[in-house]
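With the working numbering, the residue at position 63 of the sequence shown is 66, and numbering never jumps.
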Amino acid sequence: MSAACDHTRHGPWTVGADEVQPRPWSGETVHMPGGRLHAVSDDGLIAGRAVCLAPVALLDPVDWTWPDDADEEWPLCWICLALTR
Ligand SMILES: [Zn+2]
């Protein structure tokens with residue numbers, strides 16, 4: 004989008020989830036993803052849509068990295084995975 008966009012630290016993708024759920028965590032309420040993780044491009048950030056075109060809730064790029072932060076609870080969307088390889 005612009006030359007000022009810094010993709011060197013986190014790669015070109017932002018991470019989104021099917022939904023975000025508030026959860027108690029160490030006495031605070033934190034927002035954790037629910038369902039699958041999706042990859043979101045620059046255009047998707049504005050539209051709120053993943054690379055696979057599913058509507059997503061964006062996750063904090065400081066805490067979440069595509070595709071490295073997936074695990075059993077948060078599986079990767081295989082369509083996004085295929086499209087970002
Ligand atoms: Zn997806």
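Backbone N, C-alpha and C fix where the C-beta goes; we use that ideal spot for every residue, glycine too.
If you drop the 5 nearest sequence neighbours on each side, which residues of the same chain put their C-beta closer than 7 Å to that of Met4? Residue placement at Met4 cannot be trusted, given a pLDDT of 48 that sits under 50; the coordinates are not used to answer.
Does Gly30 come out as helix, strand or coil in the three-state DSSP assignment? coil
Counting C-beta neighbours from all protein chains within 10 Å, is the total for Gly19 16 or more, i.e. buried, or is it exposed? buried
Work out the CA separation of Ala42 and Cys55 for me, nearest whole Å. 8 Å
Would you kindly report the start and end of the unbroken alpha helix (DSSP H) that includes Cys55? Per DSSP, Cys55 belongs to no alpha helix (DSSP H) and is neither H nor E.
Just to confirm before moving on: does the CB-CB distance between Asp21 and Ala50 stay below 9 Å? no
Spatial distance of Gly38 from Glu31 (CA atoms): 22 Å
Excluding five sequence neighbours on each side, which residues of the same chain lie with their C-beta closer than 7 Å to the C-beta of Ala53? Gly19, His41, Ala42, Val43, Gly47, Val59, Cys80 and Cys83
Over what stretch of residues does the alpha helix (DSSP H) that includes Leu84 continue unbroken? Trp81 to Leu86
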